[in-house]
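Since the structure comes first, as structure tokens, the remarks are kept for the end.
In the numbering used here, the protein residues as written are 371 to 1254.
Below, the structure written as structure tokens:
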């Protein structure tokens, strides 16, 4: 297509054959406008009589056939490498021309000129075949690529003797030519083709032959009008559609599911792989596989046959097994049984058990046979296959039956392999223990994580391989040393200087793992006390052992029986029996140990001093030397020279102690002066406190006239009031109202109970309870809910109960009262019965009022709320209230 307002378009090169046997090449061109760019559209309009510009074309003669018969069919094939094959058909001959295409099409030279020039200038053979004359139609089809050895194209030529077919595989020549006879004596007048069928067109009907076996598979009559006759057939080379035409009608042969019977044709020709490609369903596939397996078994390929039988699942397993056994194909039989076992569903437990057990027997027999022939490689291969079967189908086997099978065959290696696949470590360890293979038994134990197995075999292993057993135990952190004590007791070193591995493990369990088991501590103590060479370890153990694990009383008895006095001293000290510890240490002459025990009594200074005195007495009696005594005094600050002087004889030279005695006297003087100063300070402090107490009754707070109540904002001096040291003031009833709103239930019930007790005392006088302040609240108050308790509070009644009988002013409880009746502060008259109250009753009432006043006015509510808010978090715990 050329640029410009008027454009030219052209067709690709067209190969034509004439009635005189000439081959020509042509290209059709046309000048078009923007509105009609389609060449075929222009051609159709021109043929219909439209006055469009004429179509132009050039024609180039390529070749003339040796006979002058009309050309009845053409086929032109080419590839990307410019190789081409041209097939020409006449009524009786088929010609082929193969070669290379010319690449310079734009230079004006015909495309096929280079191909036919060779045949014009040299006597190359180009006649493919010569057959009796017929209609001579030539059609091409592309068979499915799934066909066995499928060619690129298949050419079909209609001759007088039948349908001549040939394959195009490479663009060099036609191959695998064949002649297909007509199904009847009637001569067809046209030929069509599809990928898998030949279409014979007769005057009134159509017959389709299967290309694979030339059998007729379809026949249909054409719905022709009277007098109408078929002119011929044509095949669309692009879509492959087959068309049958008459003078007035055009028929299309619609192909549906063309490959449905291909598998049967291929199966009849024993092309099993090709038949499998075209099987429409699983049933057909199994049939093909079964036929293929039969053929393979007959040909001696038993292993491949077993695979096909297993895939086909037919014939029945018993029949296949018998066939393989008759053919002595033992390897194939094992392979087939294994494939069947792999494919069998897990819910079929009994068949799987039978197959798996029999398969193992087959492997055992094969291994025995290979061992007799000394075929080591085959034996190892079979052993690997058995291992795979055991790992994959362990659930299908019965453990007892399988173990017995391997034992009967003497296959202990396979027996162990199966035990490993079953994770049956107990059986494995027991096997190695029975064989006295202690190292292998320990390896099997180390490979698992069940502590029970360690306990069950601990005794035997500790007896025969103590060092390795202890190392194995150390690698497992889940062991309970208490359950290993019986095994540790069985270990006894054969020689006195031999390593006691029981002590090695006990030290690891207690010191490293931190075990607090009592039996382990007791065993370690007993073993350490039994030999003199373990004395340092014994002393360290009794001093550092956990008191939860070591019974100190038992340890003391053991050490005493073993004559280990130093250990006994340390145990006495740990038991806080410091007197016994010091006495025992001194009896053994170990002054340093005795002093160390004396220093342990840190909770009782007097006891500690007495213990040091015992040590000093022992030192003086053992070495009555002033120099030795002075060196001993340097070890502690609890003793002085005068403490040890009574231990010396009456007639003893103390010249060496002159300086120390003087220092001691000077120390006494210093201490006396210090005590005198402390006494003076104490007297001054007491006088100051007494003065503060005397001035406490005269403490006042000035209340401005303009000060208002913090609760109601009314003048504070209108009625009874409370003023706190923070100078916040409240009316008595306002304070009561605010405080009772925030009191917890327990305090609120107590307040109401005190009010009722006070009312009862006021009304009844001496008949009131003996201890009203300690009595429990009534059941009615206990049963009330918090809301009802707050509703029952009467602030004015509480204020009246507190203030009745009190005089105006400010007392030591930090409260100030004014008359409720008169703002000027007049005191209400006492009730008549008040004068009749006994002193005890009056004292009790004062106590009740004081407690009520403490509940109400114990703290300023404003300041208390501020302090509480300081400890409150900035963000509320109820975050859901902030969700938008």
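Quick reminder that beta carbons are idealized off the backbone N, C-alpha and C, glycines included.
Once DSSP output is grouped into helix, strand and coil, what is the label at residue 833? Within the chain shown, the letter at position 463 stands for residue 833. The answer is helix: DSSP assigns residue 833 an H, G or I state.
* Using only alpha-carbon positions, find the residue among 520, 720, 730 that is nearest to residue 704. => For the purposes of this step, residue 704 is taken as residue 334 along the chain shown, with counting starting at 1. Of 520, 720, 730, the residue nearest in Cα terms is 730.
For a test of your reading of the model: does the CB of residue 843 fall under 7 Å from any non-hydrogen atom of the ligand FMN? Yes or no.
The model on display carries no ligand, and the ligand FMN is accordingly not part of it.
For residue 483, which option in 503, 495, 454, 459 has the closest C-alpha, if you only look at C-alpha atoms? Here residue 483 refers to the residue found at position 113 of the chain shown. Comparing Cα positions, the closest option is 454.
Query raised in the report: Between which two residues does the beta strand (DSSP E) carrying residue 621 extend?
Result: What you label residue 621 is simply residue 251 of the chain shown in a count that begins at 1. Its beta strand (DSSP E) spans residues 620–623.
- Please confirm whether residue 1081 and residue 1101 have their CB atoms less than 8 Å apart. As a first step, residue 1081 is located in the chain shown; it is residue number 711 there, counting from the start. As a first step, residue 1101 is located in the chain shown; it is residue number 731 there, counting from the start. If you check the CB distance, residue 1081 and residue 1101 come in under 8 Å.
Run through the DSSP bridge pairs and tell me what residue 510 is partnered with.
Position 140 of the chain shown holds residue 510. Residue pairing by DSSP places residue 510 opposite 525 in a beta bridge.
Q: Could you pull out every residue in the same chain whose Cβ sits closer than 6 Å to the Cβ of residue 737, ignoring the five residues on either side in sequence?
A: Translated into the one-based positions of the chain shown, residue 737 becomes position 367. The residues are 749, 752.
(Q) Tell me which residues share the same chain as residue 531 and place their Cβ nearer than 7 Å to its Cβ, disregarding the 5 neighbours each side in the sequence. (A) Taking the first residue of the chain shown as 1, we reach residue 531 at position 161. Cβ neighbours of residue 531 beyond the five flanking positions: 501, 502, 549.
task: Say whether the stretch 1209–1228 touches the stretch 1094–1110, bearing in mind that this needs 3 or more beta-carbon pairs closer than 8 Å, one atom from each stretch.
output: Between the stretch 1209–1228 and the stretch 1094–1110 there are three or more C-beta pairs closer than 8 Å, enough to call the two in contact.
Which residue comes first and which comes last in the beta strand (DSSP E) that contains residue 1262?
No answer is possible for residue 1262: the residues shown for the chain start at 371 and end at 1254.
Check your understanding: By a C-beta neighbour count over all protein chains shown, 10 Å radius and 16 as the cutoff for buried, is residue 1239 buried or exposed?
Key -> Counting from one through the chain shown, the residue named residue 1239 turns up at place 869. A residue is called buried when at least 16 other Cβ atoms come within 10 angstroms of its Cβ; residue 1239 does not meet this threshold and is exposed.
Shortest alpha-carbon distance to residue 625 belongs to which of 635, 616, 638, 610?
As a first step, residue 625 is located in the chain shown; it is residue number 255 there, counting from the start. Selected option, being the one with the closest Cα: 610.
* In three-state DSSP terms, what is residue 1188? -> As a first step, residue 1188 must be located in the chain shown, where it is residue number 818. The predicted model places residue 1188 with a pLDDT of 38, which falls under 50 and marks its position as unreliable; any figure quoted below should be read in that light. The answer is coil: DSSP assigns residue 1188 none of H, G, I, E or B.
Please state the DSSP three-state secondary structure of residue 1002.
Looking up residue 1002 in the chain shown gives position 632. DSSP places residue 1002 in helix when its eight states are reduced to three.
### Query
Pick from 497, 541, 511: whose alpha carbon is nearest that of residue 470?
On the chain shown, residue 470 is found 100 positions in, with the first residue counted as 1. The shortest CA-to-CA distance from residue 470 to any of 497, 541, 511 is the one to 541.
Comparing C-alpha positions only, which one of 944, 907, 905, 906 sits nearest to residue 924? Start at 1 with the first residue of the chain shown, and residue 924 comes out as number 554. Here the closest residue by C-alpha is 944.
**Request:** Scan the stretch 784–831 and note each continuous alpha helix (DSSP H) run of 4 residues or more that stays entirely inside, going in chain order.
**Result:** 795–804, 808–816, 821–826, all fully within the stretch 784–831.
Checklist entry - Going by C-alpha distance, which of 700, 1126, 691, 847 is nearest residue 880? => result As a working mapping, residue 880 is identified with position 510 in the chain shown. For the residues 700, 1126, 691, 847, the minimum Cα distance to residue 880 belongs to 847.
Name the residue from 1085, 388, 911, 700 whose alpha carbon lies nearest to the alpha carbon of residue 1255. Because the chain is modelled from 371 through 1254, residue 1255 falls outside the range shown and cannot be assessed.
key: Buried versus exposed call for residue 1061 [16 or more other C-beta atoms within 10 Å across all chains shown]   = Counting from one through the chain shown, the residue named residue 1061 turns up at place 691. By the neighbour-count definition (other C-beta atoms within 10 Å, threshold 16), residue 1061 is an exposed residue.
**OP:** Specify the secondary structure class of residue 1178 as computed by DSSP and reduced to three states.
**Re:** Stepping through the chain shown from its first residue, residue 1178 is reached at position 808. Its pLDDT being 37, under 50, residue 1178 is placed unreliably in this model, and the coordinates cannot settle the point.
Outcome for residue 378 when other beta-carbon atoms lying within 10 angstroms are tallied against a minimum of 16: Your numbering for residue 378 matches position 8 in the chain shown. Residue 378 should be labelled exposed.
Taking a contact to mean a Cβ-Cβ separation below 8 Å, would you say residue 461 touches residue 443 in this structure? Locating residue 461 in the chain shown gives position 91, counting from the first residue. Locating residue 443 in the chain shown gives position 73, counting from the first residue. Not closer than 8 Å, so no.
Note to self: So for residue 931, helix, strand or coil by DSSP?
What the structure shows: One-based indexing of the chain shown puts residue 931 at position 561. Shown here, residue 931 sits in a helix according to DSSP, grouped into three states.
* **Spatial neighbours of residue 380 in its chain, beta-carbon cut-off 6 Å, leaving aside the 5 residues before and after** => For the purposes of this step, residue 380 is identified with residue 10 of the chain shown, where counting begins at 1. Cβ neighbours of residue 380 beyond the five flanking positions: 397, 399.
Check: Per DSSP, residue 736 forms a beta bridge with which residues?
Finding: Locating residue 736 in the chain shown gives position 366, where the first residue counts as 1. Answer by DSSP bridge pairing: none, since residue 736 is not bridged.
Please return the same chain residues whose Cβ sits closer than 6 Å to the Cβ of residue 536, not counting the five positions on each side in sequence. Here residue 536 refers to the residue found at position 166 when the chain shown is read from its first residue. The residues are 525, 544, 547.
**Request:** For the alpha helix (DSSP H) holding residue 889, just list the boundary residues, first then last.
**Result:** For the purposes of this step, residue 889 is taken as the residue at position 519 of the chain shown. Counting along the chain, the alpha helix (DSSP H) containing residue 889 begins and ends at 888–900.
Exercise. Should residue 588 be labelled buried (16 or more other beta-carbon atoms within 10 Å of its own) or exposed?
Worked result: Translated into positions along the chain shown, residue 588 becomes position 218. That one is exposed.
- Query: From residue 449 to residue 695, what distance separates their C-alpha atoms?
  - Reply: As a position in the chain shown, residue 449 is number 79, starting the count at 1. As a position in the chain shown, residue 695 is number 325, starting the count at 1. Residue 449 and residue 695: Cα-Cα distance of roughly 54 Å.
Evaluate contact between the stretch 625–642 and the stretch 556–568, counting only Cβ atoms and requiring at least three cross-stretch pairs below 8 Å.
The stretch 625–642 is in contact with the stretch 556–568.
Check your understanding: From 726, 720, 876, 764, pick the residue whose C-alpha is nearest to that of residue 709; which is it?
Key -> For the purposes of this step, residue 709 is identified with residue 339 of the chain shown, where counting begins at 1. When only C-alpha atoms are compared, the closest one is 726.
Does DSSP classify residue 1233 as helix, strand or coil?
Residue numbering aside, residue 1233 sits at position 863 when the chain shown is read from its first letter. Of the three classes helix, strand and coil, the one that applies to residue 1233 here is helix, per DSSP.
Handout entry: Residues that residue 1170 bridges to, as DSSP identifies them
Key = Locating residue 1170 in the chain shown gives position 800, where the first residue counts as 1. Residue pairing by DSSP places residue 1170 in no beta bridge whatsoever.
*CB residue 681 to CB residue 659, shorter than 8 Å?*
Here residue 681 refers to the residue found at position 311 of the chain shown. Here residue 659 refers to the residue found at position 289 of the chain shown. Going by C-beta atoms, residue 681 is nearer than 8 Å to residue 659.
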